[in-house]
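Participant: Quick one: the structure is below, and I'll ask about it shortly.
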Amino acid sequence: MPELVVNGERHDVEGPAMRTLAETLREDLGLTGTKIACGEGHCGACTVLVDGAPTLSCITLVHAVGDREVTTIEGLRDHPLVDAFVRADALQCGFCTPGQIVSASALVRDQPEPARDDIRHAMAGNLCRCGTYPKIEEAILAVAADAD
Ligand code: FES
Ligand code: FES
Numbered sequence: 048m049p050e051l052v053v054n055g056e057r058h059d060v061e062g063p064a065m066r067t068l069a070e071t072l073r074e075d076l077g078l079t080g081t082k083i084a085c086g087e088g089h090c091g092a093c094t095v096l097v098d099g100a101p102t103l104s105c106i107t108l109v110h111a112v113g114d115r116e117v118t119t120i121e122g123l124r125d126h127p128l129v130d131a132f133v134r135a136d137a138l139q140c141g142f143c144t145p146g147q148i149v150s151a152s153a154l155v156r157d158q159p160e161p162a163r164d165d166i167r168h169a170m171a172g173n174l175c176r177c178g179t180y181p182k183i184e185e186a187i188l189a190v191a192a193d194a195d
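In my numbering, the protein residues as written are 48 to 195.
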């Protein structure tokens, strides 16, 4: 039975060898903030951090995670990006938003003052069917400005 460290807590998880990290998070651990949209690694909705790196949990097998630390949107509830997304009105249906915030958290951690091009590059794997991209940029720039 593999162990999984999620948001600082250790869990025993089980399931078939082909079980994905996204399924384990949502169905076994009840962490439904991680969304599954395409389920094929194309949209970014399922993005979580694995040892700090944005990772598509729908195409990551839970057995492959090992003892690396997983951070989901639930583990980022106090991150300033959450408030910045609300203030910038950076969501419509909100389905892509957890993945957007997870990816953006890695960006502002590694690059506290990103240019717009840096943001577009870092966020390119996170699609938004509602087209909120300009507002997402605004939210990320606001967090960067506040960190000054
Ligand atoms: S649901 Fe994982 S990339 Fe789309
Ligand atoms: S807010 Fe609807 S998909 Fe992004």
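Ideal Cβ placement from N, Cα and C applies to all residues, glycine included.
Quantities reported herein were computed from a predicted structural model and do not represent experimental measurements.
Roughly how many angstroms lie between the CA atoms of A135 and E184, to the nearest whole one?
Facilitator: Whole-angstrom Cα-Cα distance: 9 Å.
Participant: Express the C-alpha separation of R163 and A111 in angstroms, rounding to a whole number.
Facilitator: Rounded to whole angstroms, A111 to R163 spans 34 Å at the Cα level.
Participant: Starting from the C-beta of K82, find all residues in its chain whose C-beta is less than 8 Å away, skip the five residues before and the five after it, and write them out in chain order.
Facilitator: For K82, where only same-chain residues beyond five positions count, the Cβ hits under 8 Å are A92, C93, F142, C143, P145 and G146.
Participant: In angstroms with no decimal places, state the Cα-to-Cα distance between A151 and C90.
Facilitator: C-alpha separation (whole angstroms): 15 Å.
Participant: Verify the contact flag: C175, CB atom, against every heavy atom of ligand 2, threshold strictly below 6 Å.
Facilitator: At least one heavy atom of ligand 2 is nearer than 6 Å to the Cβ of C175, so yes.
Participant: Can we count F132 as close to ligand 2, meaning its CB is less than 6 Å from some heavy atom?
Facilitator: F132: no, Cβ never under 6 Å from ligand 2.
Participant: Considering only heavy atoms of ligand 3 and the C-beta of each residue, which residues fall inside 6 Å, strictly closer?
Facilitator: Although ligand 3 was asked about, the structure shown includes only ligand 1 and ligand 2 as ligands.
Participant: Taking only three categories from DSSP, how would you classify R134?
Facilitator: R134 falls in the helix class under three-state DSSP.
Participant: Give a yes or no on whether the C-beta atoms belonging to T107 and L78 are separated by under 7 Å.
Facilitator: No; because the gap between Cβ atoms is not below 7 Å, this pair is not in contact.
Participant: Could you tell me which residues DSSP puts in a beta bridge with H126?
Facilitator: None; H126 has no bridge partner.
Participant: Restricting to Cα atoms, I'd like to know which of A84, I187, D75 and L138 is closest to D157.
Facilitator: Ranking the options by Cα distance to D157, first place goes to I187.
Participant: Closer than 6 Å: is that where the CB of Q158 sits relative to any heavy atom of ligand 2?
Facilitator: Not under cutoff, so the answer is no.
Participant: Just reading off the alpha helix (DSSP H) that L154 is part of, what are its end residues?
Facilitator: That run of the alpha helix (DSSP H) goes T144 to D157.
Participant: May I ask whether a heavy atom of ligand 2 can be found less than 6 Å away from the beta carbon of L138?
Facilitator: Yes.
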